[in-house]
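The number in the working numbering is simply the position in the sequence shown, starting from 1, with 186 added. Here the structure is laid out as structure tokens; the discussion comes afterwards.
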Amino acid sequence: MNLLIQDAGRYYREHFGEPTLIVRSPGRINLIGEHTDYNEGFVLPASIDNAVYVSIGARVDDQIQLFSVDYKEFYKGSSAAISVSLQSWANYVLAIVDVLQKAGYHCGGFNAVVRGDIPIGAGLSSSAAVECATIFALNELFGFKLDRMSMVKMAQQAENEFIGVRCGIMDQFASMFGKANQVIELDCRSLSYNYFPFESAEYDLLLINSRVKHSLADSEYNLRRLDCEAGVAHLQRFYPNITSLRDARPEHLQQAFHSLDEKIFQRCLYVVEEITRVKEACEDLKLGDFITFGKKMFSTHKGLSELYNVSCPELDFLVHFAAGHKDVIGARMMGGGFGGCTLNLVKKEALADFITGISEAYLESYGVLPEAYPVTIDEGTAVVRSS
Ligand code: GAF
């Protein structure tokens, strides 16, 4: 059995007795479509084999008692009085209890143990995984009968309101709806989606962790959202039918540009171009045209770095190195930005050589050895053990 499931069960037994169930929720990658989700665009995520495990059981009182195996810390509080904790890891569980209760789903007391192997701050959505595991586990434990999409929306709301990050829906959606070996093309406006296999005999996906820890709660993420909203408000003066950047074309931006702030224009241009790029990139992948797809990854990085300004020197260095390697056909920063991982599309037989080369170069420039994780696309949120 998976060692992390064992840990989640073992620590639960040590502190609380026998758990009722253990839920697994994965982290995610996103092949293309960055900062498009909250602009009602398209994204192409997939759930991965790194995950969070939550073992859980009900209590007779209204207490919430949590133990984090990774932080080696307890949290104790009452489900009747949820407030933000100084223990940041616990807040992702509390955020879910808060959103459930505000929606009328009463949570009794419960014990839970949290264990995971998603690198924190690496842009792989460890926080969304904790939220999804918690809401899935509480839904089972207290019989709320919520469907997956409702849980995704509530987990996003928990992140927006309790944690204070105005994230889009992608991360919680990917963690909840992922399928082994499948990527998900999600329309963030209609929330319609379809799966298709990511299959290549020639290329592998590889994550390189810059080990620069990003924090989405840092105001920059929320500021980008405000910039997009300012752009839409401005465009609406010329084009009343534009309700989000999904509706805008580069020509609209050019037309409105004479009176639009340069920075806002650049932010909007990136988003508008990226939304189109995702649609085209999905077609490339469906046709098995990895070379064209890879070129789009580089274009996305350029836009994120130069127009949307969410990269950092370390991520730019990693992408630049990848671009100069003959067996890497695509690379870009991934996720919210300001640190975390790059995603690389690399010839299978060149993986080892690329990892050695990029590690040595990065170490020499930044004094830090980056981490390399070959990507395995795995199942989304599920109960992995019940009593
Ligand atoms: C973070 C957010 F949580 C997502 O909603 C998404 O906006 C992403 O950054 C950028 O594409 O992961």
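Every residue gets a Cβ at the ideal spot worked out from N, C-alpha and C, and that includes glycine. Everything numeric in this text was worked out from a predicted model, so none of it was measured.
N-terminal and C-terminal residue of the beta strand (DSSP E) that residue i is part of
{"i": "T528", "result": "527-533"}
{"i": "G203", "result": "Neither: G203 is in no beta strand (DSSP E) and is coded neither H nor E."}
{"i": "A244", "result": "231-244"}
{"i": "R571", "result": "568-572"}
{"i": "F451", "result": "Looking at the DSSP string, F451 is not in any beta strand (DSSP E); the run it does join, the alpha helix (DSSP H), is 448-472."}
{"i": "N178", "result": "Residue numbering for the chain in the displayed model covers 187 to 573; residue 178 lies beyond these limits and cannot be assessed."}
{"i": "Y379", "result": "379-383"}
Collapsed DSSP secondary structure at residue i in the structure displayed
{"i": "R397", "result": "coil"}
{"i": "G195", "result": "helix"}
{"i": "E371", "result": "strand"}
{"i": "I218", "result": "coil"}
{"i": "Q422", "result": "helix"}
{"i": "F253", "result": "strand"}
{"i": "F296", "result": "strand"}
{"i": "Y559", "result": "strand"}
{"i": "P305", "result": "coil"}
{"i": "S430", "result": "coil"}
{"i": "D513", "result": "coil"}
{"i": "N172", "result": "Given a span of 187 to 573 for the chain in the structure shown, any question on residue 172 remains unanswerable."}
{"i": "R352", "result": "coil"}
{"i": "I282", "result": "helix"}
{"i": "G523", "result": "coil"}
{"i": "Y407", "result": "helix"}
{"i": "F228", "result": "strand"}
{"i": "L493", "result": "helix"}
{"i": "D248", "result": "coil"}
{"i": "L412", "result": "helix"}
{"i": "V270", "result": "coil"}
Opening and closing residue of the alpha helix (DSSP H) in which residue i lies
{"i": "K481", "result": "476-488"}
{"i": "F359", "result": "356-363"}
{"i": "I592", "result": "Beyond the ends of the chain as shown, which are 187 and 573, falls residue 592; an answer cannot be given."}
{"i": "K262", "result": "Run containing K262: none in the alpha helix (DSSP H); it sits in the beta strand (DSSP E), 259-264."}
{"i": "A341", "result": "334-344"}
{"i": "M328", "result": "Sequence inspection shows Phe at residue 328; the Met mentioned does not correspond to that position. Taken as a continuous stretch (DSSP letters only), the alpha helix (DSSP H) holding F328 covers 312-328."}
{"i": "R435", "result": "Taken as a continuous stretch (DSSP letters only), R435 belongs to no alpha helix (DSSP H), as it is neither H nor E."}
Pick from the options that is closest to residue i, judged by C-alpha positions
{"i": "S573", "options": "H438, A315, R199, G525", "result": "R199"}
{"i": "H487", "options": "M519, V458, C498", "result": "M519"}
{"i": "A568", "options": "R245, Q368, A315, K339", "result": "A315"}
{"i": "A266", "options": "D248, G350, D256, S254", "result": "D248"}
{"i": "D470", "options": "I218, F348, G195, F202", "result": "I218"}
{"i": "G566", "options": "V418, Y381, E557, C414", "result": "Y381"}
{"i": "V466", "options": "Q452, M483, L431", "result": "It should be noted that the sequence gives Glu, not Val, for residue 466. It is M483."}
{"i": "N236", "options": "I541, P436, N188, H201", "result": "N188"}
{"i": "L226", "options": "S241, P305, M356, D475", "result": "A small correction: the amino acid at residue 226 is Glu; Leu does not occupy that position in the sequence shown. For the residues S241, P305, M356, D475, the minimum Cα distance to E226 belongs to M356."}
{"i": "P436", "options": "P212, A416, T462, D413", "result": "T462"}
{"i": "L286", "options": "H444, E557, G329, G203", "result": "G329"}
{"i": "I304", "options": "I321, N427, R210, Y456", "result": "R210"}
{"i": "A387", "options": "A281, F476, S313, Y559", "result": "F476"}
{"i": "N216", "options": "F443, L230, H201", "result": "L230"}
{"i": "L252", "options": "N395, H201, S269, S233", "result": "H201"}
{"i": "L446", "options": "V240, G553, G417, D433", "result": "G417"}
{"i": "A281", "options": "E406, E345, I208, V532", "result": "E345"}
{"i": "L327", "options": "T206, Q452, L439", "result": "T206"}
{"i": "G523", "options": "S485, F322, P499, F507", "result": "P499"}
{"i": "G203", "options": "P212, F296, A232, R214", "result": "F296"}
{"i": "G543", "options": "C527, A508, K534", "result": "A508"}
{"i": "A360", "options": "D223, E557, I242, Y552", "result": "D223"}
{"i": "R196", "options": "G213, F540, A244, V299", "result": "V299"}
Any non-hydrogen atom of the ligand GAF closer than 7 Å to residue i Cβ
{"i": "H420", "result": "no"}
{"i": "M362", "result": "no"}
{"i": "Q278", "result": "At residue 278 the sequence reads Tyr, which differs from the Gln that was named. No, the ligand GAF has no heavy atom inside 7 Å of this Cβ."}
{"i": "G522", "result": "yes"}
{"i": "S311", "result": "yes"}
{"i": "M356", "result": "yes"}
{"i": "Y239", "result": "no"}
{"i": "E550", "result": "no"}
{"i": "C318", "result": "no"}
{"i": "Y224", "result": "yes"}
{"i": "E220", "result": "yes"}
{"i": "L353", "result": "Strictly speaking, residue 353 in this sequence is Cys, with Leu absent from that position. Under cutoff, so the answer is yes."}
Cβ of residue i within 8 Å of any chain C Cβ
{"i": "A315", "result": "Absence of chain C from the displayed structure is noted, only one protein chain being present."}
Any non-hydrogen atom of the ligand COA within 7 Å of residue i CB
{"i": "N216", "result": "Of the ligands one can find in the structure shown, namely the ligand GAF, none is the ligand COA."}
Between the segment 383-402 and the segment 252-263, can you find at least three pairs of beta-carbon atoms closer than 8 Å? no
Please determine if the segment 503-512 and the segment 368-380 are in contact, where contact requires at least 3 C-beta pairs separated by less than 8 Å. no
Counting Cβ pairs closer than 8 Å, one from the segment 422-429 and one from the segment 362-371, do we hit at least three? no
Inter-stretch contact (C-beta, 8 Å, three-pair minimum) for the segment 232-251 and the segment 476-494: no
The segment 312-330 / the segment 343-352 touching (three or more Cβ pairs under 8 Å): yes
Touching or not, the segment 281-295 and the segment 328-342, by the rule of three or more beta carbon pairs under 8 Å? yes
Give a yes or no on contact between the segment 537-550 and the segment 404-418, applying the rule of three or more CB pairs nearer than 8 Å. no
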